[in-house]
Every structure is written in structure tokens, then in C-alpha cells.
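Encoded as C-alpha cells, the structure appears first; notes follow it.
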Amino acid sequence: MNFELSEEHIMIRDAAKEFAQNELLPGVIERDENQTFPTEQIKKMGELGLMGMMVSPEYNGAGMDTVSYVLAMEEISKVDASAGVIMSANNSLVCWGLEKYGTEAQKQKYLTKLASGEILGAFCLSEPNAGSDATSQKTTAIDKGDHYVLNGVKNWITNGGSASVYLVIAQSDASKKHKGINVLIVEKDSPGFSLGPKENKLGIRGSDTHSLLFTDVKVPKENRVGPEGFGFRFAMETLAGGRIGIAAQALGIASGAYELSLQYSQERKSFGKELYKHQSIAFKLADMATDIEISRLLCLKSATQKDECEDYNLSSSMAKLHCAESAMKITTEAVQIHGGYGFVKEYHVERMMRDAKITQIYEGTSEIQKIVISRAVLKE
Ligand code: CAA
């Protein structure tokens, strides 16, 4: 497998880096503090092609590969992990599945606007009592001939308040268990749809997370994605790709914290010498750099497998697991290196530590990744 980046890849990475420095860095501390959604910045990310990176230009996407997506995601999340998850949910969890399994009419009506960033999408799987145990869907979509009637509650939905289009996973036939689950496109202004309060979160506070309530929402049959009973498989396939995006987000958070630590350790002196000249700090930097290298290679491997139409289920879970665990470790060490400065907001690393935590939880907890990995390796 060749991890040599092409000129185009380097151009995309540099463009994302420049955007992050110029447009996301100013105000990132305030957006975190006040839980402000980066509306203007996301609009500009749409204009740059970052909201539908892998979608074909035929549907207003940027037509790029998954490697480009990983590179851009790292640079965006290095500066603002909230912008990273907004981008990730739209790209991986909404656009990807619609392009792969949507009808031509669904693509024309929804994907063209989602891929250009004109509107945002949300993926709605988790419920109050179905997080990791995703087959236990209690939201129902009852078949009424030409439409479904949707009832239930979805929890912790990224882009919940700012999306216009929701991919909702719901049980249509409980007797068939996960094979009776469907995925439906629901529009925000559908009668019976409402938002729960915005969540007050530990991290990624610039992103917009809500519970969603569905009360007798009529969804036309033409809004079902894929065949009847395909919803669970759709969710699992979507998440396998989504995990590459979240792995790259975690990698970005980790590399952001590492770069700040590297810089700080050369500026700050203690006991008459720069911090990095103390072996205790130099060794921390060595561990961070090694973990980041492993994370980056895992992300690139999984992205390359996806681009080459190989099976990426195992590699995406490995990437997600390693990147999330090391992001938590690296950001915690970054706070430690910064000492008292690390504990206050101006130095960014405390936010990065809070942001890293969610990467061990969403799109499958680290424990879920271990289930996927252990099942795959035991089958081999
Ligand atoms: N691709 C295709 N099909 C898959 C699949 C995949 N990657 N993984 C599982 N399936 C299929 C299986 O083949 C099986 O189908 P058959 O019955 O036809 O053989 C079916 O799905 C059920 O699979 P399992 O028997 O393995 O189901 P399980 O109950 O043991 O659960 C699990 C498997 C991997 C633990 C799954 O429940 C899971 O991934 N849970 C975590 C859910 C999750 O990631 N939630 C995140 C919410 S979204 C989010 O966080 C978004 C955000 O806001 C950013």
C-alpha cells in the first residue's frame, strides 16, 4: 500500500489548513465557551467543497477520495473539532449513504443541496435506550400503504438543531428484529417533528446536539432509502465509513495538542533550561509523536482501502479505536506539559482534552470497536 501523497492531496491538505488557521481559529475559544454553532464558517466550508467531499460533481460534490477527506478532516479538527464533527456527520453519515443507496429523485432533491453545503444533514440512530445496542430500536415507522408513520425519540443527534434533512433509522416490523428496520429521509418542517433542548456538553461545544421527537410524522414511501428492511445494514455500512472520519477527527485533535506542546516546550523554561531539554518532557513528546504517526497510518490505510473498494470494516474500527484512545492520552499529556497554563482556556489544550473524550464514545464506543475487531480477527 502506497501512502505517498499526490500533489492534489497536498493541495487539499494545505487549503484545509489555511482555512482552519484563518477562519476557524479566530473565535474558537468563544464558540466553545458560549456553545455557538459556527454558521458562517460552515457556509464557507461548503463553498470550499468540504461538506460533500466524496460526492460526485454530478450531485454538487467535490468528487475527491477518502484520503483527501482524512487529510482535510485532520487539519480542520486540529483547530476546531466542533467544525470537524459537523463536517464528518454531513459527509460520512448523510451524503455517503444517500449517494450509494438513494434513488435518483432523492439524490436530486436532497444530496445536491447537502453536498454543496447549502443545507446540513443529520444521522439519527441513537435512542435513549439504544446507543451501543443499536438493534434495539424503539422508534417505529409503521407502514400505511403509501407512507410510514414515525413515532419515537432520537438522542444525541449531531447537527440536530441545524440540519434540514434527517436520516432516521426506525423499526417497521419488530418480529423481523434488525431485518425489519428502515431508514427514512425526514424533512425538518414535517408536522409532528420537534427538537428537544440543545445538549450542554463537555466537549465539541460548538457543534449542535439535540434529541429529536417524532409524533405521528407522515413520511412518504419514496423517502425510504434502499429496500424494505435495509435500515440496519445501511446504518452499519454508514458507520464503518463514518469511523474513518471520526478517527481523522481524533487524529486532528491529537496533532493539534502535540504541535502546541512542542512549541510550548521550546518557549517555556524551568530549572534554567527549556522544557524539552528535560527528559521527562522529551519522552512525552516522543510518545505523542509515535502515537500520532500510528494514528495517521491507520487512517490512511483505511481510507485507501475504501478508495480501492476493499473491505475496510476492520481497518476503520482499528483506526477509530487507536486514534480516539491516543487522542485522549495525548491531549491529557498536552495539558500536563503546559502545567497551569494548560488548565486555562487561552492555551487551547484543555478544550482539546475535552473534545477528545467524545471520540471514544460516538460512532461506536472504544468497547464497540473492540467487539468489531475481535469478531473479525477471530473469524480470520
Ligand atoms: N456492514 C454491513 N452489515 C453489517 C455490518 C457492517 N459493517 N456490521 C453488522 N452488519 C450486519 C450483520 O451482518 C448482521 O446482518 P445479518 O443478520 O443479515 O447477518 C446485522 O448487521 C446485525 O449484526 P450483528 O449480529 O453483529 O449485531 P449486534 O447486535 O451484535 O451489533 C454492533 C453489532 C457492531 C455492536 C452494532 O450494534 C454497533 O455498531 N453498535 C454501535 C452503534 C453505533 O456506532 N452508534 C453510534 C451512533 S451514530 C453517532 O454517534 C453519530 C454522531 O453523532 C457523530
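Just add 123 to the spot in the sequence shown (first one is 1) and you have this note's numbering.
Where is the CB? At the ideal position from N, CA and C, for every residue including glycine.
Using a Cβ-Cβ cutoff of less than 7 Å, which residues in the same chain neighbour G220 once the five nearest sequence positions on both sides are dropped? The residues are L290, V348, F357 and T361.
Just to confirm my understanding: we take K443, look at its own chain, exclude 5 residues before and 5 after, and list those with CB closer than 6 Å. What are they? These residues qualify, in order along the chain: R366, I369, A370 and Q492.
Rounded to whole angstroms, what's the CA-CA distance from E345 to E127? Just pull it up for me. C-alpha separation (whole angstroms): 43 Å.
Can the beta-carbon of M196 be found closer than 7 Å to that of G186? The criterion of a C-beta distance shorter than 7 Å is not satisfied by M196 and G186.
Endpoints, the beta strand (DSSP E) within which D339 is located: Element bounds for D339: T332 to P343.
Quick check: what's the CA-CA separation for M475 versus T159? C-alpha separation (whole angstroms): 17 Å.
Could you tell me if the beta carbon of A257 falls within a distance shorter than 6 Å of some heavy atom in the ligand GTP? Questions concerning the ligand GTP fall outside what the structure shown contains, since the ligands it does hold are the ligand CAA.
So, under 8 Å CB-CB, D430 and T189 are touching, yes? Tell me the CB distance rounded to an integer number of Å. Indeed they touch by this definition, with Cβ atoms about 5 Å apart.
Quick check on T262: does DSSP put it in helix, strand or coil? In the structure shown, T262 falls within a coil segment according to DSSP collapsed to helix, strand and coil.
Buried or exposed by the 16-neighbour rule on C-beta atoms within 10 Å, applied to Q483: Around the C-beta of Q483, 16 or more other C-beta atoms lie within 10 Å, and the residue is accordingly described as buried.
Cβ-heavy atom distance between M359 and the ligand CAA below 6 Å? Look at M359: its beta carbon is less than 6 Å from one of the heavy atoms in the ligand CAA.
Beta carbon of V356: closer than 6 Å to some heavy atom of the ligand CAA? In the sequence under discussion, the amino acid at residue 356 is Arg, which differs from the Val named in the question. Because some heavy atom of the ligand CAA lies under 6 Å away, the Cβ of R356 counts as near it: yes.
Could you spell out the range, first to last residue, of the beta strand (DSSP E) harbouring H270? Here the beta strand (DSSP E) through H270 covers H270 to T281.
Any chance you could list the alpha helix (DSSP H) runs of at least 4 consecutive residues sitting entirely within the segment 352-396, in chain order? Counting whole runs of 4 or more residues, the segment 352-396 contains the alpha helix (DSSP H) stretches 354-390.
Quick one, are the C-beta atoms of A245 and A286 less than 7 Å apart? A245 places its beta carbon less than 7 Å from that of A286.
Tell me whether I494 counts as near the ligand CAA, meaning its Cβ is closer than 6 Å to at least one heavy atom of that ligand. Because some heavy atom of the ligand CAA lies under 6 Å away, the Cβ of I494 counts as near it: yes.
Residues in its own chain within less than 6 Å of D203 by CB, not counting five upstream and five downstream? So the qualifying residues of the chain are L147 and V151.
In chain order, which continuous runs of the beta strand (DSSP E) of length 3 or greater are located wholly inside the segment 190-240? As for any beta strand (DSSP E) of minimum length 3 sitting wholly inside the segment 190-240, there is none.
Residue range of the alpha helix (DSSP H) that includes G169: T162 to E170 is the span of the alpha helix (DSSP H), which, as asked, contains G169.
In this structure, does DSSP put S317 in helix, strand or coil? Strand.
Segment limits, beta strand (DSSP E) that includes F246: Run containing F246: G244 to C247, per the beta strand (DSSP E) assignment.
State yes or no: is the C-beta of N274 within less than 7 Å of the C-beta of S334? Their beta carbons are not under 7 Å apart, which means N274 does not touch S334 by this criterion.
Under three-state DSSP, which class holds A498? Sequence inspection shows Arg at residue 498; the Ala mentioned does not correspond to that position. DSSP places R498 within a helical segment (H, G or I) once states are collapsed to three.
I'd like to confirm something about T560: is its beta-carbon nearer than 6 Å to some heavy atom of the ligand CAA, or not? An answer regarding residue 560 cannot be provided, because it is not within the stretch 124 to 503 covered by the chain.
Span of the beta strand (DSSP E) around N305: I304 to E310 is the extent of the beta strand (DSSP E) around N305.
According to the Cβ coordinates, are I280 and V272 closer than 7 Å? Going by beta carbons, I280 and V272 fall outside the 7 Å limit.
Between the Cα of K407 and the Cα atoms of F466, H461, F337 and F355, which residue gives the shortest distance? Ranked by Cα distance from K407, the first of F466, H461, F337 and F355 is H461.
Let me know if K230 comes out buried or exposed under the rule of 16 or more other beta-carbons within 10 Å of its beta-carbon. Under this definition K230 is a buried residue.
Can you grab the Cα-Cα spacing for the pair L385 / K167, in whole Å? Distance from the CA atom of L385 to the CA atom of K167, rounded to whole angstroms, is 30 Å.
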